[in-house]
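Working notes, structure below.
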Amino acid sequence: MFDTQLFTRDDGCARQTNRHKEHRNTACMEDFIVANVNIKPLEDRVLVKINEAETTTASGLVIPDSAKEKPQEATVIAVGPGRWADDDDRIPMDVKEGDVVIFSKYGGTELKYAGEEYLLLSQRDILAVIEN
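The numbering of the sequence shown is the UniProt record's numbering, which starts it at 1 and goes up by one.
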C-alpha cells in the first residue's frame, strides 16, 4: 500500500524496500521500515502507528477482545520540527522516526489515512522510548 523509505539507525544499520527490490545490511540485528506517509506533523507533534496488542499470553492462552487493554506502545512514523521557545529557537524533539515509544493511555488524536490507523500525539504525551 505504501512505498517505504530508507531508515538508518545510529549504528549504521539500514534497510530499504520497495515493490521491486529489497536491500538489507545483514550485519544488523534488526530492520526498521518506516512508512512513507504524506502527513507532516506540526510543532511538537508526533505521528505514530500503534503496535498491535498481544493476542496470547506467554503460556499460550488466547486473550479475548473484551479483556484486552488499549495498547500504549507505538512506532514513530513522522516527527514535527519542534515547538518554538520564548527566545525564538526551536526546542529539539526527543524522539525520531523509527523509535518505539510508550505513550499516555488517553493521549493523542486517532486518525485514518489511506486505510491505515494512526495516532497524532503531542511530544508531552510520550512517556518513554523503548531501547533495544
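Glycine included, C-beta positions come from ideal geometry on N, C-alpha and C.
Write down the C-beta distance between residue i and residue j rounded to the nearest angstrom, noting that I regard them as a contact closer than 8 angstroms.
i, j, result
"residue 118", "residue 47", "6 angstroms"
"residue 111", "residue 120", "6 angstroms"
Would you tell me roughly how many angstroms separate the C-alpha atoms of residue i and residue j, rounded to the nearest one?
i, j, result
"residue 94", "residue 123", "8 angstroms"
"residue 132", "residue 88", "35 angstroms"
"residue 57", "residue 41", "35 angstroms"
"residue 37", "residue 53", "23 angstroms"
"residue 114", "residue 59", "36 angstroms"
"residue 55", "residue 85", "43 angstroms"
"residue 44", "residue 64", "36 angstroms"
"residue 100", "residue 107", "16 angstroms"
Between the options, which lies nearest to residue i when the distance is taken from Cα to Cα?
i, options, result
"residue 91", "83, 53 and 73", "83"
"residue 39", "107, 128, 129 and 80", "80"
"residue 77", "125, 98, 128 and 86", "98"
"residue 105", "86, 116, 72 and 54", "72"
"residue 49", "37, 55, 74 and 59", "74"
"residue 102", "129, 85, 108 and 113", "129"
"residue 109", "125, 54, 96 and 37", "125"
"residue 116", "107, 59, 51 and 55", "51"
So who's on the other strand from residue i, going by DSSP bridges?
i, result
"residue 111", "118"
"residue 126", "103"
"residue 56", "62"
"residue 50", "74"
"residue 79", "46"
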